[in-house]
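These notes concern the structure reproduced below.
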Amino acid sequence: MWIDLRRVPVALTIAGSDSGGGAGIQADLKTFAALGVHGTVAITSITAQNTREVTAVQDVSVEVIRAQIEAVVSDIGVDAAKTGMLHTSEIIGAVAEEVRKHRFPLVVDPVMIAKSGAPLLKEEAVKSLVEELLPLADVVTPNAREAEVLSGIRVRGLEEARKAAKLIAELGPRAVIVKGGHLEGDSVDVLYDGDFTELRAPRIESRNTHGTGCSFSAAIAAELAKGRSVRDAFATAKLLVTEAIRYGIPLGRGHGPLNPMAHLYKESERYSTLLRIAEAIRILEGIEDARKIAPEVGVNVAMSLPYAEGPEDVAAVPGRLHLVGRRLKALAHPEFGTSRHLAKYVLTARSYDMSVRAALNIAHSDETLARLKELGLRVSWYDRREEPPEVKAEEGATVPWGMRIAVERIGGVPDAVFHTGDWGKEPMIVLLGRDAVQLAEIVREVVK
Ligand SMILES: Nc1ncnc2c1ncn2[C@@H]1O[C@H](COP(=O)(O)OP(=O)(O)OP(=O)(O)O)[C@@H](O)[C@H]1O
Ligand SMILES: [Mg+2]
């Protein structure tokens, strides 16, 4: 994400403060930052809130709400804005007037109830929201329950979500997105802007969903601030929120905050991950006689991003390291998405223990195994000859199957896992750990 410092887009959030840092302007600012947009704020209410409940609400006076918007608009400028918690019809009226005056692109998140169940919009204010604010909105983003209130129909499934979106569009906004976070099955959001566009993500089983709606509407505002279309903004918001939920932060005893920075952290780790593999290669190439540990197929060393989801998030050495005389030599620089096999080990190990990020394969021998145990490593194994035919038939299923056996055997992810081969399959030892360099150092110790 390259940001041209001469023209940083500015987004404004007009919303409530969440003392727990999970939702509201706190989530919005993180989301703006994660998308390379400068965030500004007009705080409408101060809520005392944690992952479980809202314990107090103090509305900011409409004068001060307006003054915040004026202060930002008059000096910094606003490329797009979003609204979140607008507690009373008086606040809604004041915000609507400011929007009419300044005419920035607007996303309205019609927040009515907090994740914990506390009301964030007074009942009589729904009317003001519908009459004053919705007609000014470029996009409005109700969840299923809010869509029911705004459309007057029941929303329990996709078909009803489509109907509700169309009905809400009649209230004046240019586009409507009915979010599917509260429906069953995959999480499907429905955009209606004259046509329907639907985006689907797998439902993530997580408690840490505090702030999903805030982050979603903030991401749309951030992308509109960059001049993107509503459809493109929708796509980016959906990706960001899905990752933010997947890497939600398990804090508190209720709904922990989601993590809008997950995507940014992931990107920032790319370079250091490649450097760790390069350092591991240097150690392996420095081993004077590597003949005992070099398998026919070559040695490889892989390391994943801390937020890895698939093989494209795992780096390794294309073409592997091979013996040249007695020494190992890497054929190329490490790259992401090049080793399917070792990536499978890393990703499978990660599904049992998030801290595992690296794998390194060496030749199988009893002598090496004895050395590994001597070094205090926890070793486990599986027998490829016991692989059920249905696992064999499925592409890429062997490693997850074998790893499950190896993990169950010792009740955790081993530091080294081996199998003794099968027809046409060379026996192999795979070292597993947090860091590629640490694994290369183990190999150096083994050979000593
Ligand atoms: N468990 C989940 N797995 C995947 N996506 C989810 C999940 N929960 C919500 N989402 C997505 O998060 C976004 C926000 O949707 P949601 O319906 O939760 O909004 P909301 O109810 O307004 O959230 P909040 O309670 O934070 O205000 C949508 O894109 C939705 O599809
Ligand atoms: Mg919401």
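Counting in our numbering, the sequence shown tops out at residue 1359, every number present.
Every residue, glycine too, gets a C-beta built ideally from N, C-alpha and C.
Source: prediction; values computed, not measured.
(message) Less than 7 angstroms between C-beta atoms, sequence neighbours within five positions excluded: which residues of the same chain meet that for T1249?
(response) So the qualifying residues of the chain are A1227, P1229.
(request) Report yes if the CB atom of D990 is closer than 8 angstroms to the CB atom of V921, and no otherwise. (result) In this structure, V921 lies closer than 8 angstroms to D990 by Cβ.
(message) Taking 8 angstroms as the threshold (C-beta atoms), are T1052 and K1090 in contact?
(response) The Cβ-Cβ distance between K1090 and T1052 falls below 8 angstroms.
(message) Taking only three categories from DSSP, how would you classify I1088?
(response) Strand at I1088.
(request) Taking G950 as part of the beta strand (DSSP E), name the residues at either end of that continuous run. (result) Looking at the DSSP string, the run of the beta strand (DSSP E) that includes G950 is 949–960.
(request) Alpha carbon to alpha carbon, how far is G1096 from R1014? Give it in angstroms, no decimals. (result) The C-alpha of G1096 is placed about 38 angstroms away from the C-alpha of R1014.
(request) Examine ligand 2 and report whether any of its heavy atoms sits within less than 7 angstroms of the Cβ of V1022. (result) True, at least one ligand heavy atom lies under 7 angstroms from that Cβ.
(request) Would you mind stating whether V1101 and A1130 have Cβ atoms separated by less than 8 angstroms? (result) It is not a contact, given that the beta carbons lie outside the stated cut-off.
(message) Whole angstroms are fine: how far does the CA of R1251 sit from the CA of V1348?
(response) Between V1348 and R1251, the C-alpha separation is close to 20 angstroms.
(request) Look up M1314 in the DSSP assignment and say whether it is helix, strand or coil. (result) DSSP places M1314 in helix when its eight states are reduced to three.
(message) Check whether the region 916–931 and the region 1117–1129 are in contact - that is, three or more C-beta pairs closer than 8 angstroms.
(response) Contact between the region 916–931 and the region 1117–1129 is present: 3 or more CB-CB pairs across the two stretches fall below 8 angstroms.
(message) Please state the DSSP three-state secondary structure of E1043.
(response) Three-state DSSP puts E1043 in a helix.
(request) Note down the Cα distance separating K993 from V1357, rounded to an integer number of angstroms. (result) K993 and V1357 have their C-alpha atoms some 59 angstroms from each other.
(request) Over the uninterrupted alpha helix (DSSP H) stretch that includes D939, give me the two end residues. (result) Where D939 is concerned, the enclosing alpha helix (DSSP H) stretches over 935–945.
(request) Output yes or no for whether 8 angstroms exceeds the beta carbon distance between I1079 and L1094. (result) For I1079 and L1094, no; Cβs fall outside 8 angstroms.
(request) Could you tell me the distance, in whole angstroms, from the CA atom of K1026 to the CA atom of R1157? (result) Those two C-alpha atoms are separated by around 17 angstroms.
(message) I'd like the list of long-range same chain contacts for V1257, defined as Cβ closer than 6 angstroms, with 5 residues on each side in sequence excluded.
(response) Result list for V1257: A1213, S1215, V1225, A1270, in chain order.
(request) Taking all protein chains shown into account, decide if R1268 is buried (16 or more other Cβ within 10 angstroms of its Cβ) or exposed. (result) With a threshold of 16 other beta carbon atoms within 10 Å, R1268 meets it and is buried.
(request) Could you tell me how far apart the beta carbons of G995 and T942 are, in whole angstroms, since I believe they sit closer than 8 angstroms? (result) So it is not a contact: roughly 11 angstroms between Cβ atoms.
(request) Go ahead and pull the three-state DSSP assignment for Y1256. (result) Three-state DSSP puts Y1256 in a helix.
(request) Indicate whether G1055 and V1037 have their beta-carbon atoms separated by less than 8 angstroms. (result) Note that residue 1055 is Ala in the sequence shown, not Gly. Not a contact, by the Cβ cut-off of 8 angstroms.
(request) Return the residue from the list G1332, E1059, R1118 that minimises the CA-CA distance to I1208. (result) Inspection of the sequence shows that residue 1208 is occupied by Val rather than by Ile. Considering only alpha carbons, the answer is G1332.
(request) Report the rounded CA-to-CA distance for L1242 versus L1135, giving the unit in angstroms. (result) Looking at the two C-alpha atoms, the distance is approximately 45 angstroms.
(request) Please specify which runs of the beta strand (DSSP E), each continuous and at least 3 residues long, are wholly inside the region 1138–1162, giving them in chain order. (result) DSSP runs (the beta strand (DSSP E)) wholly in the region 1138–1162: none.
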